[in-house]
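Which chain is which? The protein sequence lines are A and B, in order. Numbering-wise (the working numbering), the first sequence opens with residue 1091 and increments by one. Numbering-wise (the working numbering), the second sequence opens with residue 1091 and increments by one.
Number of protein chains: 2
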Amino acid sequence: MRIAEVSEQYAISSDTLRYYERIGLIPPVNRNESGIRDYNGTDVKRVEFIKCMRSAGLPIEVLIEYVGLVQQGDTTIEARKDILKEQRQLLVARMKEMQKTLDLLDYKISVYENAVLKKEKELIPIEL
Amino acid sequence: MRIAEVSEQYAISSDTLRYYERIGLIPPVNRNESGIRDYNGTDVKRVEFIKCMRSAGLPIEVLIEYVGLVQQGDTTIEARKDILKEQRQLLVARMKEMQKTLDLLDYKISVYENAVLKKEKELIPIEL
DNA sequence: ACTTGACTTGGAGTCAACTCCAAGTGATAA
DNA sequence: TTATCACTTGGAGTTGACTCCAAGTCAAGT
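So this is what it looks like as structure tokens:
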């Protein structure tokens, strides 16, 4: 799979994919004879994983550490689990914050809806 | 209320509070005789609102637009409602993404837990 | 043979949102 | 009176995460 295909499939720009590789978030992708990236199944899976994690706001630094540990093999399983657990906890905290904000937004929107209704009533006398 | 108190109460740095005022996210706060900010109830409420919205990731630009409309009075109620509704929808979308990520994290963590259990079993022979 | 188009690189630029700094002021404590 | 301390300003610097660019390579189509 060429970079443009991966880019399209996951809606990540080619620039970003190269950037991820440059900073070590994705290990060096294999190249064909003319030096062009050829993403294999493992590469694509990793892109998918990164995309998912990034979409939830996990920092790139943490993800670099995590994929580094994955590369190092089974001895790092505990460390990897710890990272995921910590990020999970931070994610839950962020979601709770967002839920609070959502509740406030819903309340404010309902207040505005009522304000609009009231205005409409004023414009249309009861007799009609 | 002096800036340091507001800062402490809402865990927002004084620098950030001054920054918010400078960019128009908070309207100019009243000063005492020596030019020092004295936040009144309305100011504090606004800080609280901003903090809540920012913690959920609503962009500063959007919030500036919103508080600008609030300043302009009742004629802007529809526009304000539209902004809040749009941001609500974006927020729900982000939360859905995060829920997907949370599910994947939980799955991965459970896989790691099992891997650890398996390792422990290997170390402790059945006979014991 | 030449153009087109997708790729390559290293490095610079951008953006949002802060965060820090130097130099100055004014009220209180020793 | 002098030191301390919280505040003030305008402006510069930082951070995280991209995003863009110029110059070059290579394979395929006309």
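Here a beta-carbon is modelled for each residue, glycine too, at the ideal position from N, C-alpha and C.
So, are the CB atoms of A:Lys1171 and B:Ile1199 less than 8 Å apart?
Here residue 1171 of chain A refers to the residue found at position 81 of the first sequence. Here residue 1199 of chain B refers to the residue found at position 109 of the second sequence. Cβ distance < 8 Å, so A:Lys1171 and B:Ile1199 count as in contact.
Residues in its own chain within less than 6 Å of B:Arg1136 by CB, not counting five upstream and five downstream?
If you number the second sequence from 1, residue 1136 of chain B lands on position 46. Contacts found: Ile1116.
So for A:Arg1092, helix, strand or coil by DSSP?
Within the first sequence, the letter at position 2 stands for residue 1092 of chain A. In the structure shown, A:Arg1092 sits in coil (DSSP, three-state: anything other than H, G, I, E or B).
List, in chain order, every chain B residue whose beta-carbon is nearer than 7 Å to that of A:Glu1187.
Working through the first sequence from its first residue, we reach residue 1187 of chain A at position 97. Ordered by position in chain B, the residues that pass the 7 Å Cβ test against A:Glu1187 are Ser1145 and Ala1146.
Starting from B:Arg1127, follow its DSSP beta bridges and name the residues at the other end.
Residue 1127 of chain B sits at position 37 when you count from the first residue of the second sequence. Its beta-bridge partners are B:Arg1121.
Flag A:Glu1151 as yes if its beta-carbon sits less than 8 Å from any beta-carbon of chain B, otherwise no.
If you number the first sequence from 1, residue 1151 of chain A lands on position 61. No, no contact with chain B.
Does the region 1201-1214 of chain A come within contact of the region 1106-1123 of chain B, defined as at least 3 CB pairs closer than 8 Å?
As far as the Cβ criterion goes, the region 1201-1214 of chain A does not touch the region 1106-1123 of chain B, which means the pair count is below three.
When you compare the region 1102-1114 of chain A with the region 1145-1161 of chain A, are there three or more beta-carbon pairs, one atom per stretch, that lie closer than 8 Å?
Counting Cβ pairs under 8 Å, three or more are found: they touch.
Among B:Ile1167, B:Ile1093, B:Gly1131 and B:Ser1097, which one has its Cα closest to the Cα of B:Gly1125?
Locating residue 1125 of chain B in the second sequence gives position 35, counting from the first residue. Residue B:Ile1093 is the option with its Cα nearest to B:Gly1125.
Is the CB-CB distance between A:Val1134 and B:Ile1167 below 8 Å?
Within the first sequence, numbered from 1, the residue matching residue 1134 of chain A stands at position 44. Within the second sequence, numbered from 1, the residue matching residue 1167 of chain B stands at position 77. No, they are not a contact pair.
Considering only their Cβ atoms, is the gap separating A:Met1185 from B:Met1188 smaller than 8 Å?
Taking the first residue of the second sequence as 1, we reach residue 1188 of chain B at position 98. Taking the first residue of the first sequence as 1, we reach residue 1185 of chain A at position 95. Yes.
Whose CA, out of B:Glu1138, B:Leu1159, B:Val1096 and B:Leu1192, lies closest to the CA of A:Gln1177?
If you number the first sequence from 1, residue 1177 of chain A lands on position 87. Answer by Cα proximity: B:Leu1192.
Under a Cβ-count criterion, where at least 16 other Cβ atoms within 10 Å of its own Cβ denotes burial, should A:Ala1146 be classed as buried or exposed?
Here the question's residue 1146 of chain A lines up with position 56 in the first sequence. So A:Ala1146 counts as buried.
Report the residues of the region 1100-1123 of chain B with a CB closer than 8 Å to any CB of chain A, ordered along the chain.
Per Cβ criterion, the list is empty.
Measure the alpha-carbon distance for A:Ile1154 versus B:Asn1122 and round it to whole angstroms.
Taking the first residue of the first sequence as position 1, residue 1154 of chain A is located at position 64. Taking the first residue of the second sequence as position 1, residue 1122 of chain B is located at position 32. Taking the straight line from one Cα to the other gives about 50 Å.
With 8 Å set as the bound, which would you pick, yes or no: does the beta-carbon of A:Val1157 sit closer than that to a beta-carbon of chain B?
Counting from one through the first sequence, the residue named residue 1157 of chain A turns up at place 67. No, A:Val1157 lies away from the interface with chain B (no Cβ there is under 8 Å from its Cβ).
Whose C-beta lies closer than 8 Å to the C-beta of B:Ala1169 among residues of the same chain, with five residues either side of it excluded?
Here the question's residue 1169 of chain B lines up with position 79 in the second sequence. Hits under 8 Å: Leu1159.
So which residues on chain B does A:Ala1205 lean against when the C-beta distance must stay under 7 Å?
Position 115 of the first sequence, counted from the first residue, corresponds to residue 1205 of chain A. What A:Ala1205 touches in chain B: Ile1167.
Given 7 Å as the limit, tell me if B:Asp1133 has its C-beta closer than that to any heavy atom belonging to the ligand HEM.
Annotation note on the ligand HEM: not contained in the displayed structure, which lists no ligands.
Restricting to Cα atoms, I'd like to know which of B:Ser1097, B:Gln1179, B:Gln1162 and B:Tyr1197 is closest to B:Asp1128.
As a first step, residue 1128 of chain B must be located in the second sequence, where it is residue number 38. If we check each option's Cα against that of B:Asp1128, B:Ser1097 comes out closest.
Under a CB-based cut-off of 8 Å, is A:Arg1136 close to chain B?
To locate residue 1136 of chain A, count along the first sequence from 1; it is residue 46. False, the Cβ-Cβ gap to chain B never drops below 8 Å.
In whole angstroms, what separates the C-alpha of A:Leu1194 from that of A:Asn1204?
Your numbering for residue 1194 of chain A matches position 104 in the first sequence. Your numbering for residue 1204 of chain A matches position 114 in the first sequence. C-alpha separation (whole angstroms): 15 Å.
Would A:Thr1132 count as contacting chain B if we go by Cβ distances under 8 Å?
Mapped onto the first sequence, residue 1132 of chain A falls at position 42. So no, A:Thr1132 is outside the interface.
Among B:Val1157, B:Gly1131, B:Ser1104 and B:Asp1164, which one has its Cα closest to the Cα of B:Leu1174?
In the second sequence, residue 1174 of chain B corresponds to position 84, counting from 1. Considering only alpha carbons, the answer is B:Val1157.
Taking 8 Å as the CB-CB limit, is B:Lys1208 close to chain A?
Position 118 of the second sequence, counting from 1, holds the residue named residue 1208 of chain B. Chain A contact via Cβ: absent.
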